[in-house]
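Undergrad:
Number of protein chains: 2
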Amino acid sequence: MSYTPESQVEVLVIGAGPAGLFLSSALVRAGIRVRVVDKKDTRVTTGHADGLHPRTIEILQSYGLADRFLSKAAQIHTMAYYNPGPDGGIERTEFGPFVRAPTARYPFAATLPQSDIEGLFRDEMAKYGAQVEQPVVPVALEISQDENELQSSTSYPVKVTLKRLNSNEGAELVAPRDNNTEIVRAKYVVGADGAHSWVRKTLEIDMIGESMNSIWGVVDFAPETDLPDIRIYCTIHSIHGSCAIIPREGDLIRLYVQLADVEADQNGRFDKSKLGPDDIIKASHSRAQKMLHPYKLSYTKPIDWWTVYIIGQRVASAFSAKNRVFIAGDACHTHSPKAGQGMNASMSDSHNLAWKLASVLRQWAPPSLLTTYDLERRQYAQELIDFDRILAKLFVTKPMTEGNEGVTHEEFAQMRTKFTGFMSGIGIEYQPSTITNVSGSSLATKLIIGQRILPGVILQAANARPYELHDLLPSDMRFKILILSADITNPRQKAKLDALATRLHQPAGLLRRFTPLGAPKDAIFDIITIARVDKELVKVSMYPSQLLSHWSKAYTDDRSICGRVGGSFYANYGVSDDGAIIVCRPDGYVGMVAALDDLAAVEGYFDKFLRPCSKVTPVSGLVASQEKILGRL
Amino acid sequence: MSYTPESQVEVLVIGAGPAGLFLSSALVRAGIRVRVVDKKDTRVTTGHADGLHPRTIEILQSYGLADRFLSKAAQIHTMAYYNPGPDGGIERTEFGPFVRAPTARYPFAATLPQSDIEGLFRDEMAKYGAQVEQPVVPVALEISQDENELQSSTSYPVKVTLKRLNSNEGAELVAPRDNNTEIVRAKYVVGADGAHSWVRKTLEIDMIGESMNSIWGVVDFAPETDLPDIRIYCTIHSIHGSCAIIPREGDLIRLYVQLADVEADQNGRFDKSKLGPDDIIKASHSRAQKMLHPYKLSYTKPIDWWTVYIIGQRVASAFSAKNRVFIAGDACHTHSPKAGQGMNASMSDSHNLAWKLASVLRQWAPPSLLTTYDLERRQYAQELIDFDRILAKLFVTKPMTEGNEGVTHEEFAQMRTKFTGFMSGIGIEYQPSTITNVSGSSLATKLIIGQRILPGVILQAANARPYELHDLLPSDMRFKILILSADITNPRQKAKLDALATRLHQPAGLLRRFTPLGAPKDAIFDIITIARVDKELVKVSMYPSQLLSHWSKAYTDDRSICGRVGGSFYANYGVSDDGAIIVCRPDGYVGMVAALDDLAAVEGYFDKFLRPCSKVTPVSGLVASQEKILGRL
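These protein sequence lines are chains A and B, in that order. Going by our numbering, the residue at position 431 of the first sequence is 431; the numbering climbs one at a time, nothing skipped. Going by our numbering, the residue at position 178 of the second sequence is 178; the numbering climbs one at a time, nothing skipped.
See the structure below:
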């Protein structure tokens, strides 16, 4: 009888694409014990997913990864529309910004091969001694039916059987053995295993959506062309069909062509073996060369990567099973490449899930917090699919030309304008829930509760050094409490701030209520006070010392000393002379806004989804790991 | 008879402080064979030199090192003056920017321990497989007297005997042997071996200057104080004497106190053993605690680092011997810490020397180019010493109080304003010479020939992506030729640009005249064309293809598509509708400006100090290493 090893892990991640790697690296950083498995032999090396949108770059920044990403990525600032001209060839009808979100910190999209983006997360994991186990596949998954076990914070109720494959490359590393399976008992399992997700199928979660499948050709290559806009994002509507051009790193571009004349059978299958990159590029009906006329398009260097695939717009009917197994990324949503959201949506799923898993595993929050993952990300996915459906329809429909009905350029452009916040990711808005309380929205009129917090420059009170607020809000799993005290040289504001500071530290106050005994005072809540006092007058001693875990936590809203930045933080947030308290969730989204003298509202907000610390089961190591993480950040 | 090993190296650097390490890493990057030795056992770990000024940060940026530096450094944006108030204690009399150079890309100074800064260069060297040999001291240095050997580009005319010491730490690594000396024959030797430079003494170079020595106490510690400006740069003039406060990383500050009551003997020596950190901080006549009254100053955490030293203002009478041995850094100039220039001056010496050595070693230029190192850097050092002398005198002189003659606050502030460009490094200006031709200054009225080139935002023509020009001018040892063609939709300008492109590539034209046969066309000259055409109209095809080594080399001056940056490049440079040609030296300084139709002037400029390629002795490996470097940048 062969022996099957068994082990325990807090989180088992299945799939090491962008969604799985993002989640794993975020959790590993937070001190969570994670294992990641992937069925592939090796990392992907070229091609695959698209670029990152402004919000996704902001998210990378919050993990300290944006600089490395940006140092290698191509930037897309500009886009053009081409439409049929009077002579039948295309002509440029519009030229403008690719990103129209005025508050985007990074006002552009950026492309980098998926392998490089995955490398960011693999390297980040490696810093903490973690790596992907591959090729390993799950062969069985079972969730306990015992309700007590499901509700317990110390149980490992998900049983997964993993099988290690013999890879060609790794063959010599894996000793051949009869029994290459093992059993992993996990607190949580996340299926980030792609559009054909094994986890999703095993959980019997349906994909819901229209069956309108479209077949797309994608090719990455170094073009030879006289199209002047070849280095910007182009949407091309020709009388021969439509395509999109996306600049990539170096001399590469990506070309997306919908192969309208390739048909799938009733089962949504088509014969990929009959197609090649030249079926995407070269002249024939509905191919890129024809669409670009009168501009030339060819290539001499080898094709970097290409694929042809069929896609429908569908969303999973549920993103979790019993709040113990979750799916993320392409496992949850499939859509056309037209919206260019694929990798962004996947990584944002993981960003949303990471802090919730960490909060529950650390026992800061009861498991019910995890329900908001399905709520927030399934809503988003549905919006994404609806958006993609409209966009894809417009894209396929022939453009209106003289004597030819169709979509006008204006219709198309209007549609894009409408969805611009959505496309950049900046405008993604989570609906009201236990973690998104919109009742105080009038207190910060230009901040949208449920959206990511606005960037803005403030000055450190001690030294007038300007800081971008986003740089002070790292994804370290903590809630950020921004106390906008306004003018504390005004006795009325100072009194409110002093009262707040006192209440915060009372035995039943916010800090002691939720922060585990023995943990540092700022383990869960990072308090940042932003006054509005002239930089020349402001002193750290004006801020109640109970609010300052360190002198660096005191800020003011004023113009920087060299006059280049700052001075409009309150105005940009729409916060009055009365000030406000803004709660920023660990993922950088605004959770709630309260009046400066209404800490009770903040306490009430956290009461809904955090666990009073008296109910926490002591777990050794968590506090220490949190300390370690904070030290590293 | 013991055997003494002999070897050859292109450059031997003696001393691995900031000057030596900067030079070594710059040369190693450029593919030059370099050895670096230092007498110290180990790296310094705390304390030592001051922060970096704006220009020095720009220089680091040109080597790709600024991001890493800035991610760790403390920033100083603000400064305050304190002067005696009516009750005898100090009071703040001014608060303002620490950096007053409006064109500084980084409008602040930044502090980091010297060990971390040295670490930047050591890590950079390690990337190329180079490291410091220590503890190793030179014991003999001999320059050939043979004029032919001195003029030859293939000779190794400097003979240095090195002796490896047994270190405590490295003892087990060095096999004890009778003969631990070796002979190195070098093409060039650089003494970056500090204020007591062995190289300088061996060359019998005098230090020239007044004998006014001053004794300074310096201490790095975490202060406990109620001085509100403790986190900004403070100059404190009290009736008890003067001191300066410099914020450092974390909770540390640096305190500089001139110990006016400690006296040196006739030989400029004093008994350091009788002094300690409390002699700098604690209350007694002319100590910091007394100077800060009515503010408190104390400490509880251990002192991080301290020293007491004596310094005079002196400059070496020559910076080189026979253009084969050079001195750099503190070996060339000593001055008080008051100007805060130490490490900045040292690194700038090396930055100035690096490209000249590389150009001569690659045979792009004859050895006479090296004469400009002494010319430019000794002039600078003299200005630095003059500045320091004035500053130090003001600093020591008691401030004027009621009924007490002295320096007024206004006098002091005026002096600072006068020298602000010098202090930030932004205004450092090299005098006219073979490499600095000021005759075309009217063609770019806001650019100062001899100063570092102004930063400015331009858009890449192919995609309207905004770039900071400085990011396009890496310290890769190449000359950057900026062709400001102005509006090339104007036939007059287009004709001038076309003519320039044709002339550039003619057999006797600039490129073929100086670029070695077989080397890539852009080996010596990196050509960047900056038009002034609306981003919506501009096309890469408007630029003569001979000017573009790659499509990324075509730029235009216009506002970025998101409207946040750009659009004032020509205006900020003071270049008219006629355009201009700007030659930027490899170190980022403006070498000359010519009219767009006067390439002859550019040819004439380079004729003065570059070697026509027909005269180059073929040396294998140089072209390949250059290619490698360009590929890496």
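Cβ atoms here follow ideal geometry from the backbone N, Cα and C, with glycine treated the same way.
According to DSSP, is B:Q506 helix, strand or coil?
TA: coil
Undergrad: What separation, rounded to the nearest whole angstrom, lies between the Cα atoms of A:P18 and B:P507?
TA: 53 angstroms
Undergrad: What are the residues in the stretch 584–615 of chain B lying within 8 angstroms of chain A by C-beta distance?
TA: Going along the stretch 584–615 of chain B in chain order, one finds no residue with a Cβ nearer than 8 angstroms to chain A.
Undergrad: Comparing the C-beta of B:F69 with each C-beta of chain A, is any distance below 8 angstroms?
TA: By this cut-off, B:F69 is not an interface position.
Undergrad: Closest Cβ-Cβ distance between A:T181 and chain B: below 8 angstroms?
TA: no
Undergrad: Can you list the residues of chain A that B:C332 reaches, using a CB-CB cut of under 9 angstroms?
TA: Here the premise fails: no neighbours, minimum Cβ distance about 32 angstroms.
Undergrad: Does B:F569 have its Cβ less than 8 angstroms from a Cβ in chain A?
TA: no
Undergrad: For A:H550, which three-state DSSP category applies?
TA: coil
Undergrad: What does a CB cutoff of less than 7 angstroms around B:V538 pick up in its chain, not counting 5 residues either side in sequence?
TA: A461, A531, T556
Undergrad: Comparing the C-beta of B:G15 with each C-beta of chain A, is any distance below 8 angstroms?
TA: no
Undergrad: Below 8 angstroms, how does it come out for the stretch 373–385 of chain B and the stretch 248–260 of chain B: are there three or more Cβ pairs, yes or no?
TA: In short, these stretches do not touch, since the Cβ pair count stays below three.
Undergrad: So, helix, strand or coil for A:G170, using DSSP?
TA: Because A:G170 carries a pLDDT of 44, less than 50, the predicted location of this residue cannot be relied on, and the following value inherits that uncertainty. Looking at A:G170 - three-state DSSP - the assignment turns out to be coil, as it is neither helix nor strand.
Undergrad: Using a Cβ distance threshold of 8 angstroms, determine whether the stretch 444–458 of chain B contacts the stretch 581–591 of chain B, with at least three qualifying pairs required.
TA: yes
Undergrad: Using only the alpha-carbon positions, how far apart do A:E172 and A:K39 sit?
TA: Because A:E172 carries a pLDDT of 43, less than 50, the predicted location of this residue cannot be relied on, and no value is offered for it.
Undergrad: One question on the structure: do A:L459 and A:R452 come within less than 8 angstroms of each other, judged by their Cβ atoms?
TA: no
Undergrad: Since B:V132 and B:T181 should fall inside the 8 angstroms C-beta cutoff, what is the C-beta to C-beta distance between them, to a whole number of angstroms?
TA: Not a contact, Cβ separation roughly 18 angstroms.
Undergrad: State yes or no: is the C-beta of A:W306 within less than 8 angstroms of the C-beta of A:D229?
TA: no
Undergrad: Show which residues of chain B have a CB atom less than 8 angstroms away from the CB atom of A:F121.
TA: Here the premise fails: no neighbours, minimum Cβ distance about 20 angstroms.
Undergrad: Using a Cβ cut-off of 8 angstroms (strictly closer), state whether B:P455 contacts chain A.
TA: no
Undergrad: Out of curiosity, what's the CA-to-CA distance linking B:P176 and B:E118?
TA: For B:P176, the predicted model reports a pLDDT of 44, less than 50, meaning its position is unreliable; a value from the coordinates is still stated below. Distance between the alpha carbons of B:P176 and B:E118: 29 angstroms.
Undergrad: For B:I59, I'd like the list of residues in its chain whose CB is within less than 6 angstroms of its CB, leaving aside the five on either flank, ordered along the chain.
TA: H351
Undergrad: Would you tell me roughly how many angstroms separate the C-alpha atoms of A:Q145 and A:K159, rounded to the nearest one?
TA: Cα atoms of A:Q145 and A:K159: separation of roughly 12 angstroms, rounded to the nearest angstrom.
Undergrad: Of the choices B:R564, B:F108, B:A66, whose alpha-carbon is the least far from that of B:H77?
TA: B:F108
Undergrad: Assign A:A519 to one of two classes, buried (16 or more other C-beta atoms within 10 Å of its C-beta) or exposed (fewer than that).
TA: buried
Undergrad: Please return the same chain residues whose Cβ sits closer than 6 angstroms to the Cβ of A:L510, not counting the five positions on each side in sequence.
TA: L504, E603
Undergrad: Please compile the residues from chain B whose C-beta is within a distance smaller than 7 angstroms of the C-beta of A:K72.
TA: Within chain B, no residue comes near A:K72; the closest Cβ sits about 13 angstroms away, beyond 7 angstroms.
Undergrad: On the criterion of 16 or more Cβ atoms from any shown chain inside 10 Å, does A:Q75 qualify as buried, or is it exposed?
TA: buried
Undergrad: According to the Cβ coordinates, are A:F69 and A:L120 closer than 8 angstroms?
TA: Taking 8 angstroms as the cut-off, the beta carbon of A:F69 is found closer than this to the beta carbon of A:L120.
Undergrad: Just to check my reading of the structure: A:R55 and A:G425 have Cβ atoms closer than 8 angstroms, yes? What is that Cβ distance to the nearest angstrom?
TA: 3 angstroms
Undergrad: In the structure shown, what three-state DSSP assignment does A:L630 receive?
TA: Any reading at A:L630 must be qualified, since the residue scores a pLDDT of 49, below 50, and its modelled position is unreliable; the value itself is stated next. In the structure shown, A:L630 sits in a helix (DSSP, three-state: H, G or I).
Undergrad: What does A:Q75 reach in chain B if we use C-beta pairs closer than 7 angstroms?
TA: R465
Undergrad: Going by other Cβ atoms of all chains shown within 10 Å of its Cβ, with 16 needed for buried, is B:D558 buried or exposed?
TA: buried
Undergrad: Kindly identify the DSSP beta-bridge partner or partners of B:E6.
TA: B:I183
Undergrad: Quick check: is the beta carbon of B:I426 nearer than 8 angstroms to any beta carbon in chain A?
TA: no
Undergrad: Is A:T281 buried or exposed, if buried means 16 or more other CB atoms sit within 10 Å of its CB?
TA: The question names Thr, but residue 281 of chain A is Ile in the sequence shown. Buried: at least 16 other Cβ atoms inside 10 Å.
Undergrad: Using a C-beta to C-beta distance shorter than 7 angstroms, which residues of chain B count as neighbours of A:K539?
TA: P228
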